[in-house]
Structure formats: C-alpha cells, structure tokens
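Position one of the sequence shown corresponds to residue 10 (our numbering), numbered consecutively onward.
Idealized CB from N, CA, C, for every residue including glycine.
As structure tokens, the structure follows; a few thoughts come after it.
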Amino acid sequence: MKSLASYLRVIGFMVLAFLLLEFTIDSGEQMAIEKYPIIWGVLAMLLLFAIAVEIISETLKSILYRGLSEEAQAKFLVSEKARKAQQFSGIKQIYKKLVGGKPIEQEGEIVLDHNYDGIRELDNKLPPWWLYGFYITIIFGVIYLLRYHVFDGTKQAKEFEIEMEEARLAVEEYKKTAKGLVDVNTVELLTEASDLAAGKAIFETNCVACHKTDGGGGIGPNLTDEYWILGGGIKNVFNTISEGGRAGKGMVPWKTELSPLERAQVASYVLGFAGTTPAEPKAPEGEIWVNPDDLKDAEELPVETIIDSTSVIDSTSVNITVRD
Ligand code: HEC
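Printed below as a string of structure tokens:
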C-alpha cells in the first residue's frame, strides 16, 4: 500500500463496516461490540481482507503496467500524473481559500520595507477563516446583548429554575399515575377495594403467623387497637413494614420482599383493622398514636392535656391522653 488514497479507502471501509455492524445487530442499550466481542474478530478479518484487496489491485496494476509497450507506459504515466494532481482538488481549493495566504511567488508584493538583520515582514491579510469567525462573534455579541440586557430575555439561572419546576411537576404527575412509586413521604391511605383485597392477600400470606388473621397479635403486637409501638398512621405503618421493627423483635424489613405498592396496600389493609375486635386481642403495647396533623388543628382549640397515670399499661409506655 503506497498511496494515501489506499489508506483512506481501507479506513473508510472499516468505519463503514463498523457502523453497519452496530446498526444491524440488535444489542439493546449496549454497543454491539461490547455485547459480542466476537465482532472484534469479524472486524480484524475485514481489515485483513481490505488490505489484501488493496495489495492485489496494486500488484495487478504493476503487472499490467509492465505488460504495456513503452509508448503506452509513457502515456499511462502522464494520465496518472494528471489524475494525482486532480486528487482532493476540491478540498485543497477550500483550504486555500480559508487560509488566504499569498503564494511564495507573489510574496514580493506584500513584503514591508523594514529589514532587521535580514528578517523581513510580510503584510499578509488576515486569514478568512479567522476573520469570518471574528465577524460571527461580533454578531453573536450584539444579539446576546440585545436579547439579555435590553429585552430582558430569560437568563440561565431563571431558565434553570423554570426547567427544575417543569421537571418537578412532571415527576409529580408521573407519581400520581404510578402507584408503585410511593415512598414513605408520598404514601397515602389506599381505599379502593382492589387495593385492600390485594393488601389482605399479602397480609394473609406473610403476616398472619405473627399478627393473626384478625390482627389480634401473637408474636407481633395487636394491630387493631389505637396503641402503636412504632407509630400509627399510614406513613409510620408503611415505614415499619418497609424498614422492620426494633432490632431483635422479629419484625423484619419487607422492602426487599414486597414492592412499594404492595407495602402501601398491606399498610392500608392493616389500618383497616382499627376499631375491630379480634378474637384474642393481645394487650396494647406502645402508646396511643395521635396524628400530628390532627394535633395541629387541636392546638388551636382550648384543650386540656393531662397525663393520666391510671392508664399506664406497662413500664415502657408513656400514655398521653388528649381530652376535650
Ligand atoms: C416473625 C413475626 C412477624 C411477621 C411475619 C410480621 N411481623 Fe409485624 N411485627 C412483629 C413484631 C415482633 C413487631 C413489634 C416490633 C417492635 O417491637 O419493634 C411487629 C410490628 C409490626 C407493626 C408495628 C406495630 C406497632 O405497634 O407499631 C406493623 C404495622 C406490622 N408489624 C405489620 C406487619 C405486616 C404488614 C407484616 C406482613 C408483611 C408483618 N408485620 C409480619 C412480628 C412480625
């Protein structure tokens, strides 16, 4: 391979082969070349093949050339020379225009008349590529100035805020449609019959061993009363089911077993036990849980909060009764 053109042909062929392979092979998110390393082998084969074709065609040419008469050889050389001169002429032309330098023969026209120890200076024009780039920056600058400082366009910081706000709304919208995305901050009490039925099924497969079918409690605490060790209300119950109870008590975290939606369903089902009377209720544990949202409302009313020492259930629990 002697000529630049044959190198370019081989490179072009390889790029084409690579792109074709990438586009035609279904490799999902990954690049085909990562997923199927065998493609490296295919590409190597293709490279050898392309080089071989180049070498063969060059050899063929030289054999044919040798077979020509002297006259024909001379003719061939002339035409070959002309062809070479033409090669890439378009690109060369564009390059020349962009650089805009004077050819050496014409440098005499632009040489300045000072001369320091034989060092002289050419008064070249600014290269067009640079000059036009400069003009473009001026135009850009004017437009920018007018847009952002005269007509008060949205600046970056504002744009960022707008985009963040849009994204927040989009996320919120998406969360509404995707129940499965709930977390402890967004979980709401589910009331649809289908969700509660699903919650019941989950409860009966996973939880009855310790909490009993009616929620009356066994190894685990009674879930029907208003006393909660780890807090009542959908958020606390969801959190307890997700993260488990206190260490060593037996309530494991269910977040690996149950999806967020399933945890919300079973939590809603558990809260449905409130006020029911189980067959063998376990004694209350923990304290009466008051929804802080309700408390906030209650604080506005004149309420008398007293600590009722007679209702202490066990030594670990503190009971605060809110009375009207
Ligand atoms: C191996 C027995 C066991 C299983 C199974 C079990 N729990 Fe529990 N659960 C407990 C224990 C023990 C506690 C008390 C944890 C503590 O004291 O920290 C508890 C506490 C709870 C609480 C908090 C009660 C409170 O008073 O704060 C909820 C809610 C609860 N479990 C729901 C569930 C649900 C829903 C399931 C099924 C997905 C389940 N549990 C499965 C043993 C179990």
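Return helix, strand or coil for residue i, following the three-state DSSP convention.
{"i": "Trp-298", "result": "coil"}
{"i": "Trp-263", "result": "coil"}
{"i": "Arg-272", "result": "helix"}
{"i": "Phe-169", "result": "helix"}
{"i": "Met-40", "result": "coil"}
{"i": "Ser-71", "result": "helix"}
{"i": "Ser-320", "result": "Residue confidence is low: Ser-320 scores 49 on pLDDT, short of 50, so the model does not pin down where it sits. Its coordinate-derived value is still stated next. Of the three classes helix, strand and coil, the one that applies to Ser-320 here is helix, per DSSP."}
{"i": "Ser-98", "result": "helix"}
{"i": "Asp-192", "result": "coil"}
{"i": "Tyr-141", "result": "helix"}
{"i": "Arg-177", "result": "helix"}
{"i": "Ile-48", "result": "helix"}
{"i": "Cys-216", "result": "coil"}
{"i": "Asn-231", "result": "coil"}
{"i": "Ala-210", "result": "helix"}
{"i": "Arg-336", "result": "Nothing in the structure corresponds to residue 336, since the chain is present only between 10 and 333."}
{"i": "Glu-289", "result": "coil"}
{"i": "Leu-77", "result": "coil"}
{"i": "Gly-150", "result": "helix"}
{"i": "Thr-186", "result": "helix"}
{"i": "Glu-89", "result": "helix"}
{"i": "Leu-56", "result": "helix"}
{"i": "Gly-242", "result": "helix"}
Looking at residue i: is its Cβ nearer than 8 Å to the Cβ of residue j?
{"i": "Gly-189", "j": "Ile-228", "result": "no"}
{"i": "Val-275", "j": "Ile-211", "result": "yes"}
{"i": "Pro-293", "j": "Tyr-236", "result": "yes"}
{"i": "Ile-64", "j": "Val-19", "result": "no"}
{"i": "Lys-264", "j": "Ser-277", "result": "no"}
{"i": "Thr-200", "j": "Lys-184", "result": "no"}
{"i": "Met-23", "j": "Leu-57", "result": "no"}
{"i": "Pro-269", "j": "Val-191", "result": "yes"}
{"i": "Ile-119", "j": "Lys-106", "result": "no"}
{"i": "Ala-166", "j": "Asp-223", "result": "no"}
{"i": "Arg-156", "j": "Gly-150", "result": "no"}
{"i": "Gly-109", "j": "Lys-134", "result": "yes"}
List the DSSP bridge partners of residue i.
{"i": "Trp-237", "result": "Glu-296"}
{"i": "Ile-128", "result": "Tyr-125"}
{"i": "Val-120", "result": "Leu-131"}
Give me the Cα-Cα distance between residue i and residue j, rounded to the nearest whole angstrom.
{"i": "Ser-320", "j": "Ile-297", "result": "For Ser-320, the predicted model reports a pLDDT of 49, less than 50, meaning its position is unreliable; a value from the coordinates is still stated below. In a straight line, the C-alpha of Ser-320 is about 11 Å away from that of Ile-297."}
{"i": "Ser-339", "j": "Gln-39", "result": "This structure does not reach residue 339, given that the chain is present from 10 up to 333, and the question cannot be answered."}
{"i": "Ala-207", "j": "Glu-172", "result": "38 Å"}
{"i": "Ile-322", "j": "Gly-242", "result": "Reliability of the predicted coordinates at Ile-322 is poor, the pLDDT of 49 falling under 50, and the value obtained from them is presented with this limitation in mind. Cα to Cα, Ile-322 sits roughly 21 Å from Gly-242."}
{"i": "Gly-253", "j": "Leu-239", "result": "10 Å"}
{"i": "Ile-48", "j": "Asn-215", "result": "49 Å"}
{"i": "Gly-117", "j": "Ile-147", "result": "33 Å"}
{"i": "Asp-303", "j": "Asn-245", "result": "15 Å"}
{"i": "Gly-21", "j": "Val-62", "result": "14 Å"}
{"i": "Gly-225", "j": "Glu-266", "result": "23 Å"}
{"i": "Lys-93", "j": "Lys-101", "result": "13 Å"}
{"i": "Val-217", "j": "Ala-256", "result": "20 Å"}
{"i": "Phe-160", "j": "Val-299", "result": "55 Å"}
{"i": "Val-51", "j": "Leu-30", "result": "10 Å"}
{"i": "Phe-143", "j": "Lys-90", "result": "40 Å"}
{"i": "Phe-247", "j": "Glu-175", "result": "29 Å"}
{"i": "Asp-204", "j": "Glu-213", "result": "14 Å"}
{"i": "Ser-36", "j": "Ala-187", "result": "29 Å"}
{"i": "Val-193", "j": "Ile-34", "result": "43 Å"}
{"i": "Ala-41", "j": "Leu-25", "result": "15 Å"}
{"i": "Gln-115", "j": "Lys-164", "result": "51 Å"}
{"i": "Ala-202", "j": "Gly-284", "result": "19 Å"}
{"i": "Leu-154", "j": "Tyr-141", "result": "20 Å"}
{"i": "Arg-177", "j": "Glu-170", "result": "10 Å"}
{"i": "Phe-32", "j": "Glu-43", "result": "14 Å"}
{"i": "Ser-88", "j": "Glu-79", "result": "14 Å"}
{"i": "Gln-82", "j": "Leu-69", "result": "15 Å"}
{"i": "Ile-152", "j": "Ile-145", "result": "11 Å"}
At least one CB of chain C closer than 8 Å to the CB of residue i: is that the case?
{"i": "Glu-213", "result": "Of the protein chains in this structure there is only one, and it is not chain C."}
Out of the options, point me to the one whose CA is closest to residue i's CA.
{"i": "Thr-286", "options": "Val-51, Gly-254 and Asp-234", "result": "Asp-234"}
{"i": "Pro-136", "options": "Gly-127, Phe-160 and Tyr-104", "result": "Tyr-104"}
{"i": "Ala-273", "options": "Leu-198, Val-299 and Gln-95", "result": "Leu-198"}
{"i": "Phe-282", "options": "Ser-268, His-220 and Ile-250", "result": "His-220"}
{"i": "Glu-67", "options": "Gly-110, Glu-43, Lys-84 and Tyr-16", "result": "Tyr-16"}
{"i": "Gln-95", "options": "Gly-37, Ala-14, Leu-232 and Ile-42", "result": "Ala-14"}
{"i": "Asp-122", "options": "Ile-113, Asp-132 and Leu-232", "result": "Asp-132"}
{"i": "Asn-231", "options": "Asn-124, Gly-295 and Leu-178", "result": "Gly-295"}
{"i": "Phe-27", "options": "Lys-11, Ser-12 and Tyr-45", "result": "Tyr-45"}
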